[in-house]
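Chains as they are written, first to last, in this note's numbering: chain L, 1 to 254; chain U, 1 to 254; chain E, 1 to 291; chain F, 1 to 291. Don't be surprised by glycine CBs; every beta carbon is placed ideally from N, CA and C.
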Amino acid sequence: MTSVVDFDCAVISQEMVLPDVIKIVFHSPEIASSAKPGQFVQVEPSKGLFPVTRRPVTINRLTDDGFELLFDVVGRGTELMSQKQPGDKVRILGPLGNGWDLTKGKKWLLIGGGLGAAGFQFLKDSISDSVLLIGASSKDRVVSLENSIVVTEDGSVGSKGLVTALITEENLANADSIAVCGPVVMMEAVWNAVPEKHRHKLQISTESRMGCGWAVCDGCSIPMSDGGYKKCCKEGPVFPGIEIDWKRWKEAGL
Amino acid sequence: MTSVVDFDCAVISQEMVLPDVIKIVFHSPEIASSAKPGQFVQVEPSKGLFPVTRRPVTINRLTDDGFELLFDVVGRGTELMSQKQPGDKVRILGPLGNGWDLTKGKKWLLIGGGLGAAGFQFLKDSISDSVLLIGASSKDRVVSLENSIVVTEDGSVGSKGLVTALITEENLANADSIAVCGPVVMMEAVWNAVPEKHRHKLQISTESRMGCGWAVCDGCSIPMSDGGYKKCCKEGPVFPGIEIDWKRWKEAGL
Amino acid sequence: MSYPPSISRKFWGLDFDSPIMLASGTAGFGEELLTLDCLSGVGVVVSKAVSFKPRAGNPPPRLFETPLGLLNSIGLANPGVHHVLNHILPLTEKLPCPLLINVAGESIQEFSDVVEVLEQSKTHLGYEINVSCPNVADGGAAFGVDPDVVFQIAKGVSRVTDRPFSVKLTPNGGDMVMVAKAAVDGGASAITVCNTFLGMFVDWRTGKSVIKRKVAGYTSPALLPLVVARVWQVSNAVSVPVISSGGVSHGEDILQLLAAGASMVQVGTRLMRRPFAGAELMDEMQKLIGE
Amino acid sequence: MSYPPSISRKFWGLDFDSPIMLASGTAGFGEELLTLDCLSGVGVVVSKAVSFKPRAGNPPPRLFETPLGLLNSIGLANPGVHHVLNHILPLTEKLPCPLLINVAGESIQEFSDVVEVLEQSKTHLGYEINVSCPNVADGGAAFGVDPDVVFQIAKGVSRVTDRPFSVKLTPNGGDMVMVAKAAVDGGASAITVCNTFLGMFVDWRTGKSVIKRKVAGYTSPALLPLVVARVWQVSNAVSVPVISSGGVSHGEDILQLLAAGASMVQVGTRLMRRPFAGAELMDEMQKLIGE
Ligand SMILES: Cc1cc2nc3c(=O)[nH]c(=O)nc-3n(C[C@H](O)[C@H](O)[C@H](O)COP(=O)(O)OP(=O)(O)OC[C@H]3O[C@@H](n4cnc5c(N)ncnc54)[C@H](O)[C@@H]3O)c2cc1C
Ligand SMILES: Cc1cc2nc3c(=O)[nH]c(=O)nc-3n(C[C@H](O)[C@H](O)[C@H](O)COP(=O)(O)OP(=O)(O)OC[C@H]3O[C@@H](n4cnc5c(N)ncnc54)[C@H](O)[C@@H]3O)c2cc1C
Ligand SMILES: Cc1cc2nc3c(=O)[nH]c(=O)nc-3n(C[C@H](O)[C@H](O)[C@H](O)COP(=O)(O)O)c2cc1C
Ligand SMILES: Cc1cc2nc3c(=O)[nH]c(=O)nc-3n(C[C@H](O)[C@H](O)[C@H](O)COP(=O)(O)O)c2cc1C
Ligand code: FES
Ligand code: FES
Numbered sequence: 001m002t003s004v005v006d007f008d009c010a011v012i013s014q015e016m017v018l019p020d021v022i023k024i025v026f027h028s029p030e031i032a033s034s035a036k037p038g039q040f041v042q043v044e045p046s047k048g049l050f051p052v053t054r055r056p057v058t059i060n061r062l063t064d065d066g067f068e069l070l071f072d073v074v075g076r077g078t079e080l081m082s083q084k085q086p087g088d089k090v091r092i093l094g095p096l097g098n099g100w101d102l103t104k105g106k107k108w109l110l111i112g113g114g115l116g117a118a119g120f121q122f123l124k125d126s127i128s129d130s131v132l133l134i135g136a137s138s139k140d141r142v143v144s145l146e147n148s149i150v151v152t153e154d155g156s157v158g159s160k161g162l163v164t165a166l167i168t169e170e171n172l173a174n175a176d177s178i179a180v181c182g183p184v185v186m187m188e189a190v191w192n193a194v195p196e197k198h199r200h201k202l203q204i205s206t207e208s209r210m211g212c213g214w215a216v217c218d219g220c221s222i223p224m225s226d227g228g229y230k231k232c233c234k235e236g237p238v239f240p241g242i243e244i245d246w247k248r249w250k251e252a253g254l
Numbered sequence: 001m002t003s004v005v006d007f008d009c010a011v012i013s014q015e016m017v018l019p020d021v022i023k024i025v026f027h028s029p030e031i032a033s034s035a036k037p038g039q040f041v042q043v044e045p046s047k048g049l050f051p052v053t054r055r056p057v058t059i060n061r062l063t064d065d066g067f068e069l070l071f072d073v074v075g076r077g078t079e080l081m082s083q084k085q086p087g088d089k090v091r092i093l094g095p096l097g098n099g100w101d102l103t104k105g106k107k108w109l110l111i112g113g114g115l116g117a118a119g120f121q122f123l124k125d126s127i128s129d130s131v132l133l134i135g136a137s138s139k140d141r142v143v144s145l146e147n148s149i150v151v152t153e154d155g156s157v158g159s160k161g162l163v164t165a166l167i168t169e170e171n172l173a174n175a176d177s178i179a180v181c182g183p184v185v186m187m188e189a190v191w192n193a194v195p196e197k198h199r200h201k202l203q204i205s206t207e208s209r210m211g212c213g214w215a216v217c218d219g220c221s222i223p224m225s226d227g228g229y230k231k232c233c234k235e236g237p238v239f240p241g242i243e244i245d246w247k248r249w250k251e252a253g254l
Numbered sequence: 001m002s003y004p005p006s007i008s009r010k011f012w013g014l015d016f017d018s019p020i021m022l023a024s025g026t027a028g029f030g031e032e033l034l035t036l037d038c039l040s041g042v043g044v045v046v047s048k049a050v051s052f053k054p055r056a057g058n059p060p061p062r063l064f065e066t067p068l069g070l071l072n073s074i075g076l077a078n079p080g081v082h083h084v085l086n087h088i089l090p091l092t093e094k095l096p097c098p099l100l101i102n103v104a105g106e107s108i109q110e111f112s113d114v115v116e117v118l119e120q121s122k123t124h125l126g127y128e129i130n131v132s133c134p135n136v137a138d139g140g141a142a143f144g145v146d147p148d149v150v151f152q153i154a155k156g157v158s159r160v161t162d163r164p165f166s167v168k169l170t171p172n173g174g175d176m177v178m179v180a181k182a183a184v185d186g187g188a189s190a191i192t193v194c195n196t197f198l199g200m201f202v203d204w205r206t207g208k209s210v211i212k213r214k215v216a217g218y219t220s221p222a223l224l225p226l227v228v229a230r231v232w233q234v235s236n237a238v239s240v241p242v243i244s245s246g247g248v249s250h251g252e253d254i255l256q257l258l259a260a261g262a263s264m265v266q267v268g269t270r271l272m273r274r275p276f277a278g279a280e281l282m283d284e285m286q287k288l289i290g291e
Numbered sequence: 001m002s003y004p005p006s007i008s009r010k011f012w013g014l015d016f017d018s019p020i021m022l023a024s025g026t027a028g029f030g031e032e033l034l035t036l037d038c039l040s041g042v043g044v045v046v047s048k049a050v051s052f053k054p055r056a057g058n059p060p061p062r063l064f065e066t067p068l069g070l071l072n073s074i075g076l077a078n079p080g081v082h083h084v085l086n087h088i089l090p091l092t093e094k095l096p097c098p099l100l101i102n103v104a105g106e107s108i109q110e111f112s113d114v115v116e117v118l119e120q121s122k123t124h125l126g127y128e129i130n131v132s133c134p135n136v137a138d139g140g141a142a143f144g145v146d147p148d149v150v151f152q153i154a155k156g157v158s159r160v161t162d163r164p165f166s167v168k169l170t171p172n173g174g175d176m177v178m179v180a181k182a183a184v185d186g187g188a189s190a191i192t193v194c195n196t197f198l199g200m201f202v203d204w205r206t207g208k209s210v211i212k213r214k215v216a217g218y219t220s221p222a223l224l225p226l227v228v229a230r231v232w233q234v235s236n237a238v239s240v241p242v243i244s245s246g247g248v249s250h251g252e253d254i255l256q257l258l259a260a261g262a263s264m265v266q267v268g269t270r271l272m273r274r275p276f277a278g279a280e281l282m283d284e285m286q287k288l289i290g291e
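Dropping the structure here:
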């Protein structure tokens, strides 16, 4: 955590890569030099008083002197963020949280749902051996990553179906680690689709409503299978799948 | 009051006529066709939630198809108003209040303090015989009106001094009506400078913090010499000077 | 109750196309709105407060706008009940919607005295008993925090009128749920939740409050969640309808208050800015519900 | 008092360069800020609430941002007093400023039980007794509305510690001035005005509150005038210092609260957005005062 910084980062480029999906590249050598795959930043959507909290976004990829974010415009905060133009300065705190645990073996299976797959580029850049599966509702929700196997619910790109259909005993058995990132329902479907014996390999990138993002408010708790909670912003966002209490997490209705 | 309208009026032109003094011309045949000198409008400074009330501004002058406002940028509301550009639509309610009482004789003495003199153009256009005295701190606060006698405190335009120095028994005696518009302290100085026997001729354009501007909230009360209050927005903004309780009004500290 | 809530309401046995009430003190007696022709979309007008004797009200400034809201210190300015009866109520006969008269008092007795006088008029539907004004020294909110006093006031009013009445509570102390129950026990036909929150603005350069009475009533769109919570608490505790008051600036806010348990929803500060708020808010609601 | 107020303060006999306290529940135990290195400009850190036994806290979502503010329903999540004593307080030894420990309890007795255990630590200056949490079923704000209960809690704490302590009041019912006086009678060395206002957000499409416990604590920059009024009222009524809590988002807000009677000023929600709020707010104040 000692490398966390809070800086006004300049927007280098901004573009709409898919309908209502914005990619912004920021200048920040500080964050670029310390971020690890799976970490996130806290973005201040406006200089005014509202919204009163920041918005958490995963670091999608590093650039030479900064980093890239990719996000869905779903509400007021992301709407304001989507209006940033090159040259604008945006207050960003990061890198925050833990990332993917890279110590759990070298063969990876990556399973992404929709935009959740975007951050896998950063992870792939850090590991040598990976298989990448992407599921999405339609081509409007697929971020293109190298060497990926894509399915869409409407068949508009890749084969038609759900990403769980791509999960086979073979690719589960081949993997030392399985990274999952996507909407909660999709991640739960993956969890259910993975047989008990492989579940210890699952690493889940969780989401929660965040207040601070830097572990002081206790607002971002993810229900754990021991009955307690852990902080998404500090002990997460990546958790071993077996630690998560899926039922209580789903009840949160994020 | 039946001719009051609430419309989105288009900005026709906008310019800074003096330092931090903005002149805006709006399109509004409805207001132009019914406004009388001394009336005001309620301007909505922003389309957002804040500020929560409108800002009252005197109708400075009519144009063929609209009207002109002239205002000081003193706070948040007027700051937002100063940013309007030609073509922008601004929600405006008006015309509001009473105006100068034109039935009180035909010879007028007009005494204006700083920007308060601006609206006298509209009054002068409606009467045939008038003498106009303008006092201001410096030339940065003098609006140029035809046939006016100007004094400034620093002597940067006209002679050096206060407007009260221009008030003579002669011009008081010559006038049937005396219209005063300016900052409260200046109007009080005029009141004090006018001998008792002429005070019944004084018409004072008052100011108050306004809530609604259309007589429903009772927020804009001006203390009256009978101990009660009258509404600046409805029974005013112009009041006979003898009706005003100057002491209590000054205590309001507007 | 079904969701989304219906915009048209049954309230006190009457059918209303609109849940919107114009809040006391922000709509005069409705007569100004009549000339401005902006009562479309309005279900009920609540008059400004009426006391027995005329009240001049507080010294100016009576209003001060803070960065995110409005302080008011009107002080129940009104010409007294007899003037209202003889000179103002006749003007309200032409109102296209029912009128509630907001009643203030400096003593427990004064409330029923005012109502008794007003009973001579036929033009109004009922009353809103204001035991919660934050801007006066006598009575006002001091009554509204005490269940016993509120019970007595409601009881007194019940004795002198058969018209329905709502009791308007204060959020500035006391237990709103207990006070609401006391009002209902005393005969209240509805509870208004609630009057303005106590607020203040001090000039740090001088240490002085901008308002002569120091504290004032504060309204802001940002207070909506406070009102939603209190409406939900009170409407779950009493059998009579709850009228919400506070925080509305958009049609969606009204839908939220209805969903939280309000039967009717008052609009105050927003109306001061937007004389045609009734029609505008109805329009916004219809668009949302029609989605 | 002279105006403008001085930024440096004498509080509880100590000299502070900054009036800023980091509010309970928004700064952890200060140890996160230590690693982030953002305690510059901070006078005092108030820890999150500590109860006797560990508390898991409320089910998520614990936060919901409304258009103009933030609802929180943390529910006093904490690892219990023994864990705090043995594993967290040692980490706070390096804090560059004093620490107050916020204490919660489900019974009158629990407050002094928690304090008694904490007395074994040398690292903290004193306590903030939280009789006002809006987010728990037992104790919490139910205590804070009752002067007798607050007196007993304060009395109990006085018995087990010689350190100074503040009692943090609720704005959601009761008579704050009377409760403050009761706390002082019981031995409180300061009064914190106040905990969060009860708020709620209902999804009108479903009728459901977004928060599982329905009502929650609401914070917003727009609540500043409510806090100013209550600070002014309480500081005029008691002899001990008043610590304000709520509504600060700019240095000017702090100056206003000091001018209204606060001795120290807490910052909560703003800190969550701005980890370096202490230094930023100090900077803003210095610029205004230096004007
Ligand atoms: C660790 C972390 C990493 C994230 N990374 C990304 C990312 O890389 N790209 C991306 O598009 N989004 C990401 N999100 C989600 C993103 O933070 C939310 O979409 C955003 O906060 C919504 O803000 P808003 O003001 O636009 O929406 P709001 O108006 O606040 O809400 C709109 C909708 O978004 C949902 N929502 C609000 N806050 C959150 C939240 N914190 N988490 C999940 N859903 C939320 C609400 O339920 C609501 O339905 C991440 C969230 C977390 C916690
Ligand atoms: C009937 C009427 C007609 C007016 N006509 C004009 C005009 O033609 N030109 C012009 O420049 N100004 C006029 N004013 C004053 C103008 O309304 C205020 O300057 C304006 O409302 C300030 O808004 P703000 O948000 O910029 O300032 P704020 O941030 O609200 O306040 C800044 C300063 O302005 C003062 N102020 C705020 N509101 C008022 C008010 N209603 N009246 C007087 N002072 C106030 C405050 O005391 C404060 O010192 C008129 C006022 C009234 C009541
Ligand atoms: C200028 C003003 C005057 C008010 N006068 C009264 C009054 O006389 N009687 C009363 O019960 N409430 C009065 N109120 C409170 C309003 O009726 C209403 O409860 C409050 O403004 C909250 O609603 P809002 O947020 O929509 O403004 C007044 C409010 C304002 C702003
Ligand atoms: C996320 C969150 C957690 C809080 N937890 C506590 C707590 O444990 N104990 C307490 O006394 N107050 C708690 N509070 C209240 C704050 O200490 C503070 O009084 C309140 O947030 C008002 O200040 P603000 O407007 O600066 O946020 C909490 C507030 C928030 C937002
Ligand atoms: S978001 Fe505040 S603790 Fe995680
Ligand atoms: S401003 Fe509302 S009555 Fe005059």
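Going along the chain, which residues of its own chain have a beta-carbon closer than 7 Å to the beta-carbon of R230/E, five neighbours each way excluded? Residues of the same chain with a CB within less than 7 Å of the CB of R230/E, apart from the 5 flanking positions on each side, are P171, M176, V193, C194 in chain order.
Pocket of ligand 6 defined by Cβ to heavy atom distance under 7 Å: Counting only heavy atoms of ligand 6, the residues whose C-beta sits closer than 7 Å to one of them are, along the chain, M210/U, G211/U, C212/U, G213/U, W214/U, A215/U, V216/U, C217/U, D218/U, G219/U, C220/U, K231/U, C232/U, C233/U, K234/U, M272/E.
Is it right to say Q120/F is buried, meaning 16 or more other beta carbons lie within 10 angstroms of its own, or is it exposed? Burial call: exposed.
Whether S220/F touches G69/F by CB criterion (8 Å): In terms of Cβ geometry, S220/F and G69/F form a close pair [threshold 8 Å].
8 Å contact criterion, which L125/E and L100/E should meet: CB distance rounded: Contact between L125/E and L100/E holds: their C-beta atoms lie close to 6 Å from each other, under 8 Å.
Proximity test, Cβ basis, 8 Å: E251/U and chain E: E251/U counts as touching chain E.
Using the beta-carbon of each residue, which ones in chain E are nearer than 7 Å to C212/U? Within chain E, the residues near C212/U are M272.
Look up C181/L in the DSSP assignment and give the residues it is bridged to. DSSP output for C181/L lists G112/L as bridge partner(s).
Taking all protein chains shown into account, do 16 or more other C-beta atoms lie within 10 angstroms of the C-beta of L14/F, making it buried, or fewer, making it exposed? Exposed, because fewer than 16 other Cβ atoms sit within 10 Å of the Cβ of L14/F.
In angstroms with no decimal places, state the Cα-to-Cα distance between M1/U and K94/E. Because the pLDDT of M1/U is 47, which lies under 50, any placement of that residue in the model is unreliable, and the question is left without a value.
Would you say V238/U and G94/U are within 8 Å of each other, going by their C-beta atoms? For the 8 Å CB-CB criterion, V238/U and G94/U do not form a contact.
Top-ranked residue by Cα proximity to I108/F, from E128/F, V149/F, L71/F: Of the listed residues, the one whose Cα sits closest to I108/F is V149/F.
Whole-angstrom distance between I31/U and T63/U, CA atom to CA atom: Distance between the alpha carbons of T63/U and I31/U: 10 Å.
Let me see if you follow: with CB-CB separation under 8 Å, is A175/U close to chain E or not? Chain E, which has no Cβ nearer than 8 Å to the Cβ of A175/U, makes this no.
Measuring from the CB of A49/F, is there a heavy atom of ligand 4 at a distance below 7 Å? Checking every heavy atom of ligand 4 against the Cβ of A49/F, one is found closer than 7 Å.
With 8 Å set as the bound, which would you pick, yes or no: does the beta-carbon of I74/F sit closer than that to a beta-carbon of chain L? In terms of beta-carbon proximity, I74/F lines the interface with chain L, with at least one pair separated by less than 8 Å.
Please list the residues of the region 117 to 139 of chain F that have a C-beta atom closer than 7 Å to any C-beta atom in chain L, keeping them in chain order. Of all residues in the region 117 to 139 of chain F, none has a Cβ within less than 7 Å of some Cβ in chain L.
Which first and last residues belong to the beta strand (DSSP E) in which T314/U is found? Residue 314/U is absent from the structure shown; chain U starts at 1 and stops at 254.
Is V234/F near ligand 4 - that is, is its Cβ less than 7 Å away from at least one heavy atom of it? Checking every heavy atom of ligand 4 against the Cβ of V234/F, none is found closer than 7 Å.
Which residues in chain F have a C-beta closer than 9 Å to the C-beta of D6/L? List them in chain order. Chain F residues near D6/L: L36, C38, R274, P275, F276.
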